[in-house]
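Inspection log for the structure reproduced underneath, given as structure tokens.
Chains as they are written, first to last, in the numbering used here: chain A, 83 to 224; chain B, 14 to 321.
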């Protein structure tokens, strides 16, 4: 019996104190329209809350959005919180108002991809697809 | 049994969030190891758990009420499981699962096990997945499991039938919706909760519901129509107490077992259809036909099932 690929599950979250979630919601809807199941956790979450939720929901990818300027601290914190809960295999993508010079630092600190303002939606979607597929490929269970 | 199934089973027993989440995915995706996991779950924990369906129209306050119930249950030291169901888009197959937003207060509490599920457009397949999820959560030590779903469609009604107890949450101001539901879910609901009971129209709604439910109350002696203001945690303790009393009543009269058996039968039918679907899809694609679907179905069944 051939098995159909089941939808990718992703979490879209906003760590930290900024309350602007237009971008996060836009990406959540765009992902849904491409067949993803999107767990949206809302604004003002801690890194630990996002990581714990991602583990419970067994997502393929975590997507983070930050417009507050605290991404250098908050994004790697989510990566670390995931790892401490046994989820070091879950890739983390980040987006928002992120200066070019911070990108290398974030990638060195465990982020799998960074999107800056103006990145076309289809580029972001295909990164989510690629990261999800890679995660599934390394997964012998589903 | 494969090593990974063994690891997941051990993790479930020890209430490891990663193992619980992974095991649910394996079963939901019908992956290798699903059968092993489901065979060796702790049956004693499964038979003891109380499963309640929380349903009602969008905006009635289901998520807020669910979150309030979680708080009370956690204060009494009980481990809780939540299955939050949202519809998949029929066009893309994707879904936005947003029920967690109102439950984030409990995100760091390891004794609140939450799983969001999309309906995935399966005719009844969701029941099969949700039923298995209930059992995995129970085997992980959850004493009460709440299944939260928008109570407006057939698939939601099916899923509610999985629960031992069904709670319908209504709020004033939904006039026509509630009229439309009278013929369906109101009849299968065990409890009717008039939420936002401080708002205009609540007393009228309460009277209507009490009239509809008067026969049910006499049978168990437990009040089945209740008022709450979930956003202020008012009426929730009473609701939970009534649910627990009713659960005891069902168990004592043998009805809990009856309901469980009915749910297991419904799930089994679901699985049969899910498992046969690819074969019939295949047979259908191989012999296109303009015949009436009913006649074609009979032909396909006799051809496909006999060959085996």
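In this text, a Cβ means the ideal position worked out from N, Cα and C, and glycines have one as well.
Residue i - containing beta strand (DSSP E), residue span
| i | result |
| --- | --- |
| residue 128 of chain B | 125-131 |
| residue 91 of chain A | 91-95 |
| residue 54 of chain B | Per DSSP, residue 54 of chain B belongs to no beta strand (DSSP E) and is neither H nor E. |
| residue 69 of chain B | 63-69 |
| residue 125 of chain A | Careful: residue 125 of chain A lies outside any beta strand (DSSP E) and carries neither H nor E. |
| residue 195 of chain A | 195-197 |
Any chain B beta carbon closer than 8 angstroms to residue i
| i | result |
| --- | --- |
| residue 202 of chain A | no |
| residue 118 of chain A | yes |
| residue 113 of chain A | yes |
| residue 171 of chain A | no |
| residue 89 of chain A | yes |
| residue 131 of chain A | yes |
| residue 155 of chain A | no |
| residue 195 of chain A | no |
| residue 177 of chain A | no |
| residue 106 of chain A | no |
| residue 168 of chain A | yes |
| residue 124 of chain A | yes |
| residue 165 of chain A | no |
| residue 85 of chain A | Model confidence at residue 85 of chain A stands at a pLDDT of 49, short of 50, so the residue's coordinates are unreliable and nothing is read from them. |
| residue 185 of chain A | no |
| residue 110 of chain A | yes |
| residue 180 of chain A | no |
Which residues DSSP lists as bridging residue i, in chain order
| i | result |
| --- | --- |
| residue 227 of chain A | There is no way to answer for residue 227 of chain A, as the model of chain A reaches only from 83 to 224. |
| residue 204 of chain B | B:180 |
| residue 120 of chain A | A:92, B:109 |
Bounding residues of the alpha helix (DSSP H) (the contiguous stretch that carries residue i)
| i | result |
| --- | --- |
| residue 41 of chain B | 30-41 |
| residue 165 of chain A | 153-166 |
| residue 327 of chain B | What is shown of chain B runs 14 to 321, which leaves residue 327 of chain B out entirely. |
| residue 137 of chain A | 129-139 |
| residue 108 of chain A | 104-115 |
| residue 161 of chain B | Here residue 161 of chain B belongs to no alpha helix (DSSP H); instead the beta strand (DSSP E) covers 157-163. |
| residue 15 of chain B | Here residue 15 of chain B belongs to no alpha helix (DSSP H), and DSSP marks it neither H nor E. |
| residue 219 of chain A | 203-219 |
| residue 190 of chain A | 182-190 |
is_contact[residue i, chain A] using C-beta, thresh 8 angstroms
| i | result |
| --- | --- |
| residue 14 of chain B | no |
| residue 142 of chain B | no |
| residue 153 of chain B | no |
| residue 106 of chain B | yes |
| residue 131 of chain B | yes |
| residue 321 of chain B | Confidence at residue 321 of chain B is low in this model, with a pLDDT of 48, below 50, so the placement of that residue should be treated as unreliable; the coordinate-derived value is given next. Residue 321 of chain B does not count as touching chain A. |
| residue 64 of chain B | no |
| residue 98 of chain B | no |
| residue 19 of chain B | no |
| residue 128 of chain B | yes |
| residue 102 of chain B | yes |
| residue 298 of chain B | no |
| residue 42 of chain B | yes |
| residue 318 of chain B | no |
Residue-chain proximity (residue i, chain D), Cβ-Cβ < 8 angstroms
| i | result |
| --- | --- |
| residue 258 of chain B | No chain D is part of this structure, whose protein chains are labelled A and B. |
Completely contained beta strand (DSSP E) runs for the stretch 76-118 of chain B, where each covers 3 or more residues: Within the stretch 76-118 of chain B, the runs of beta strand (DSSP E) at least 3 residues long that lie entirely inside it are, in chain order, 93-99, 108-110.
Can you list the alpha helix (DSSP H) stretches of 4 or more residues lying completely in the stretch 229-301 of chain B, in chain order? Here the runs fully enclosed are 249-265, 268-299.
Closer than 8 angstroms, Cβ to Cβ, to anything on chain A: give me those residues from the stretch 109-122 of chain B, in chain order. 109, 110, 111, 113, 114, 117, 120, 121
If you measure beta-carbon to beta-carbon, which residues of the stretch 23-40 of chain B are closer than 7 angstroms to chain A? So the list reads 30, 31, 34, 35, 37, 38, 39, given in the order they occur along the chain.
Where the stretch 135-150 of chain A meets chain B: residues whose CB sits under 8 angstroms from a CB there: Of all residues in the stretch 135-150 of chain A, 135, 137, 138, 139, 140 have a Cβ within less than 8 angstroms of some Cβ in chain B.
In the stretch 204-219 of chain A, which residues sit with their C-beta less than 8 angstroms from some C-beta in chain B, listed in chain order? Of all residues in the stretch 204-219 of chain A, none has a Cβ within less than 8 angstroms of some Cβ in chain B.
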